[in-house]
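So the sequence shown is residues 29 to 164, counted in this note's numbering.
Each residue gets a CB set at the ideal place from its N, CA and C atoms; glycine is no exception.
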Amino acid sequence: MRKAVLVGVVALLAAGALVVITRFPREAALSIGGAFVLAGIPLMALARVQLGKSFSIGPKATALVTHGLYSKIPHPLFVFLDAALLGVVIALRQPWLVAPWLALVAAHAWAARRESRVLERAFGDAYRQYRARTWW
Numbered sequence: 029m030r031k032a033v034l035v036g037v038v039a040l041l042a043a044g045a046l047v048v049i050t051r052f053p054r055e056a057a058l059s060i061g062g063a064f065v066l067a068g069i070p071l072m073a074l075a076r077v078q079l080g081k082s083f084s085i086g087p088k089a090t091a092l093v094t095h096g097l098y099s100k101i102p103h104p105l106f107v108f109l110d111a112a113l114l115g116v117v118i119a120l121r122q123p124w125l126v127a128p129w130l131a132l133v134a135a136h137a138w139a140a141r142r143e144s145r146v147l148e149r150a151f152g153d154a155y156r157q158y159r160a161r162t163w164w
């Protein structure tokens, strides 16, 4: 169920972006895109700070971070990076950029799944309990 909801949300965001890009005035697209960027970048930075020493480029299980943004969102770095990039796509008003954005979201979803498997192997029930408390 969670996966279906996430796919639906991503599809709605992509469709909404296309509507804004193709039908809204330039100023509105800049404002909407800018709002996504202005929200996404600081939240991404906050997620990085909250991750602390557990941050790594590849999936590693050094500690299970469950506080702050991570208390409700399992992979906030990916979520807020994707939100900020969608804002850039909207602000640039180039409809073709929605396709690469969708591909990047798919790549991040794959990476998040891989990371989840590593964390579940390392932390077992503690990780499963944590995931049960998150929004998706």
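Alpha carbon of residue i to alpha carbon of residue j, nearest angstrom
i, j, result
"P123", "L132", "15 Å"
"G96", "P104", "10 Å"
"G115", "Q78", "23 Å"
"G80", "S99", "15 Å"
"G68", "D110", "8 Å"
"I49", "A134", "21 Å"
Identity of the residue in the options nearest residue i by Cα
i, options, result
"P102", "R161, A32 and M29", "R161"
"F65", "R149, S84, L130 and A119", "The sequence given here places Val at residue 65; Phe does not occur at that position. Among R149, S84, L130 and A119, the Cα nearest to that of V65 is on A119."
"A127", "V37, M29, A42 and V35", "A42"
"A91", "L109, R149, W129 and R54", "R149"
"S84", "Y158, L34, W164 and V146", "V146"
"A169", "Y155, W164 and F52", "Because residue 169 is not part of the residues shown, which for the chain are 29 to 164, the question remains open."
"A56", "A39, L113, A140 and R121", "R121"
Exposure label - residue i; buried when at least 16 CB within 10 Å
i, result
"V47", "exposed"
"W138", "exposed"
"V117", "buried"
"G86", "exposed"
"M72", "buried"
"A75", "buried"
"V107", "buried"
"D153", "exposed"
"A32", "exposed"
"G44", "exposed"
"V35", "exposed"
Assigned secondary structure, residue i (DSSP; H/G/I helix, E/B strand, else coil)
i, result
"I118", "helix"
"S84", "coil"
"V93", "coil"
"K100", "coil"
"F151", "helix"
"F106", "helix"
"W163", "coil"
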